[in-house]
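Asks:
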Amino acid sequence: MPLAKSKDRSKGTKAASIYDVARESKVSVFTVSAVINNKSHVGKKLRERVEEAIQRLNYRPNLVARSLAKQRTHTIGMIVSDIANPFFPMVVRGAEDAAQRQGYNLLLCNSDDTLEKEETQIELLLSKRVDGILLTKAAGDFSPALRQMIKQVNIPFVLVMRTYPKLTKDAVVSDDYQGAYDAVSHLARTGCRRIGLISGPLKISNAIARMQGFRDALQSQRLPIEKNLMVEGDYRIESGFRAGHALLSHQPDGIYVANHLMTIGLLQAAEEMGLKCPNDFRLVSFDDYPWLGVFHPKLTTVELPKHQLGSEAVELLVRRIGGSTEKAVVRKLQPELRIRESCGFALHVAKSASTVAK
529 MPLAKSKDRS KGTKAASIYD VARESKVSVF TVSAVINNKS HVGKKLRERV
579 EEAIQRLNYR PNLVARSLAK QRTHTIGMIV SDIANPFFPM VVRGAEDAAQ
629 RQGYNLLLCN SDDTLEKEET QIELLLSKRV DGILLTKAAG DFSPALRQMI
679 KQVNIPFVLV MRTYPKLTKD AVVSDDYQGA YDAVSHLART GCRRIGLISG
729 PLKISNAIAR MQGFRDALQS QRLPIEKNLM VEGDYRIESG FRAGHALLSH
779 QPDGIYVANH LMTIGLLQAA EEMGLKCPND FRLVSFDDYP WLGVFHPKLT
829 TVELPKHQLG SEAVELLVRR IGGSTEKAVV RKLQPELRIR ESCGFALHVA
879 KSASTVAK
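Each step along the sequence shown adds one to the number in the numbering used here, with nothing skipped, and position 258 is 786.
(1) Could you check whether residue 828 and residue 867 sit closer than 8 Å to each other, using their CB atoms as the reference points?
(2) Please report the straight-line C-alpha distance between residue 630 and residue 620, rounded to a whole angstrom.
(3) Straight-line CA distance for residue 645 to residue 605?
(4) Just how far apart, CA to CA, sit residue 855 and residue 563?
(5) Among all the DSSP beta bridges, which residues are the ones paired with residue 638?
(6) What ranges does the alpha helix (DSSP H) occupy inside the region 790-868, keeping only unbroken runs of at least 4 residues that lie completely in it?
(7) Using three-state DSSP, classify residue 547 as helix, strand or coil.
(8) What residue range is occupied by the uninterrupted beta strand (DSSP E) comprising residue 689?
(9) Please determine, among 722, 782, 834 and 751, the residue with the shortest C-alpha to C-alpha distance to residue 860.
(10) Roughly how many angstroms separate the alpha carbons of residue 653 and residue 838, rounded to a whole number?
(11) In terms of alpha-carbon separation, which member of 643, 751 and 678 lies closest to residue 660?
(12) Can you tell me whether DSSP reads residue 705 as helix, strand or coil?
(13) Within a Cβ cutoff of 7 Å, which residues of the same chain sit near residue 767, ignoring the five residues on either side of it in sequence?
(14) Hey, quick one: how far does the alpha helix (DSSP H) through residue 777 stretch, first residue to last?
(15) Can you tell me whether residue 693 is buried or exposed, with buried defined as 16 or more other CB within 10 angstroms of its CB?
(16) Of the choices 803, 746, 864 and 697, whose alpha-carbon is the least far from that of residue 845?
(17) With a 10 Å radius around its C-beta and 16 neighbouring C-beta atoms as the bar for buried, classify residue 633 as buried or exposed.
(18) Should the region 606-615 be regarded as contacting the region 637-644, the criterion being three or more beta carbon pairs within less than 8 Å?
(19) To the nearest angstrom, how far is the alpha carbon of residue 724 from that of residue 671?
(20) With a 10 Å radius around its C-beta and 16 neighbouring C-beta atoms as the bar for buried, classify residue 726 as buried or exposed.
(21) Distance, Cα to Cα, residue 745 vs residue 800?
(22) Can you tell me the Cα-Cα spacing of residue 708 and residue 830, whole angstroms?
(23) On the DSSP bridge assignment, give the partners of residue 633 in chain order.
(24) Does DSSP put residue 751 in a helix, in a strand, or in coil?
(25) For residue 686 and residue 699, what's the separation of their Cα atoms in angstroms?
(26) Tell me where the beta strand (DSSP E) around residue 663 begins and ends.
(27) How should residue 728 be labelled, buried or exposed, when 16 other C-beta atoms within 10 angstroms of its C-beta is the threshold for buried?
Below you can see the structure in the form of structure tokens.
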């Protein structure tokens with residue numbers, strides 16, 4: 529009977545995976561992999577614990593994967609902060625197109641912009657023996673254990689859209705400062721005198737750059753920087769909605785929003801409050817999409833070169849994988865201001881013409 533029970537159980541369950549071994553022995557997947565591949569840096573007690581877990585679970589390592597341990601897999605890992613954000617699919621497409629041209633496959637992970645999930649995804653990609661990783665960094669520092677793991681593996685990272693010098697100085701980003709500066713300067717040119725901001729999370733490099741561009745543009749236009757017209761969001765719709773209610777209650781005549789999803793939230797708040805753009809406030813948003821033509825009013829935006837960001841990040845990463853020792857590279861790709869109706873430019877022109885006629 530015990531034999532039959534064991535046989536039935538084996539039919540009804542899947543073979544143990546490396547993740548099961550890691551969970552059973554209470555170590556990282558990377559440590560299990562190091563034991564399997566007989567790496568010398570794993571201590572005796574830790575090695576014995578992992579080996580006992582392997583025996584208990586009857587784990588059988590993937591021989592194909594082990595055969596790749598000492599050579600390139602021609603696979604690149606990519607971790608984005610929020611795949612639900614419409615900004616990222618085109619960035620990923622650019623990365624995938626460039627990777628395929630270079631003979632690489634792309635493994636995509638999503639961190640939900642949380643440090644804990646980001647670390648899990650990095651560990652996963654390292655266990656998959658990727659040759660390099662593209663990363664849109666979540667706010668916060670890596671744990672000491674993960675830093676040690678990355679140091680031991682010694683594969684290149686290239687950052688996308690956000691910088692994090694503690695990991696690497698190689699990055700491909702948009703010129704967020706210039707984009708914000710151009711957006712706010714344009715609002716000022718249309719006649720706005722009290723311009724508000726809905727920023728991204730100010731622990732993130734691109735949100736800081738957009739905030740600085742906003743402030744410097746106001747100073748260059750000799751306009752006041754009003755703290756009650758500056759609200760921090762998190763790049764999601766809900767934060768734009770909350771910030772919209774807080775901001776619009778102070779009656780700014782112009783608003784710059786640091787990403788598209790928060791702009792949707794702002795417009796929802798404005799509708800609830802009975803306010804209309806551009807009559808009650810003028811608006812410039814970050815990032816542009818084909819469907820924005822159906823918005824009323826049509827949105828004035830700062831377009832970011834999404835496909836190019838992904839493509840150039842892969843090109844830089846592949847050079848590092850190939851052994852390039854050139855000086856650290858931070859590429860800043862230029863944004864483009866696209867003027868439509870929400871900035872009130874037509875209203876400003878009509879008002880100026882009327883004043884001249886009088």
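Ideal Cβ placement from N, Cα and C applies to all residues, glycine included.
Source: prediction; values computed, not measured.
Replies: Here's the rundown:
(1) In this structure, the beta-carbon distance from residue 867 to residue 828 falls below 8 Å.
(2) Approximately 15 Å, taken between the alpha carbons.
(3) Cα-Cα distance, rounded: 15 Å.
(4) Between residue 855 and residue 563, the C-alpha separation is close to 35 Å.
(5) Assignment of beta-bridge partners to residue 638 by DSSP yields 608.
(6) Whole alpha helix (DSSP H) segments, 4+ residues: 834-849.
(7) In the three-state reduction of the DSSP assignment, residue 547 falls in the helix class, which pools H, G and I.
(8) Careful: residue 689 lies outside any beta strand (DSSP E) and carries neither H nor E.
(9) Taking only the C-alpha atoms, the option nearest residue 860 is 834.
(10) Each residue's Cα considered, the two are about 18 Å apart.
(11) Nearest C-alpha to residue 660 among 643, 751 and 678: 678.
(12) Residue state for residue 705 is assigned as helix, using DSSP reduced to three classes.
(13) Exclusion of the five residues before and after residue 767 leaves 761, 790 and 793 as the residues of its chain whose Cβ lies within less than 7 Å of its Cβ.
(14) That residue, residue 777, is in no alpha helix (DSSP H); it is neither H nor E in DSSP.
(15) Exposed, by the Cβ-count rule.
(16) Relative to residue 845, the option among 803, 746, 864 and 697 whose CA is nearest is 697.
(17) That one is exposed.
(18) Taking 8 Å as the limit for Cβ pairs, the verdict is that the region 637-644 does touch the region 606-615.
(19) Rounded to the nearest angstrom, the two C-alpha atoms are 36 Å apart.
(20) Residue burial annotation: residue 726 is buried, with at least 16 other C-beta atoms found within 10 angstroms of its C-beta.
(21) Distance between the alpha carbons of residue 745 and residue 800 is about 30 Å.
(22) Going from the Cα of residue 708 to the Cα of residue 830 covers about 8 Å.
(23) 603.
(24) DSSP places residue 751 in coil when its eight states are reduced to three.
(25) Residue 686 and residue 699: Cα-Cα distance of roughly 5 Å.
(26) Bounds of the beta strand (DSSP E) holding residue 663 are 660-663.
(27) It counts as buried.
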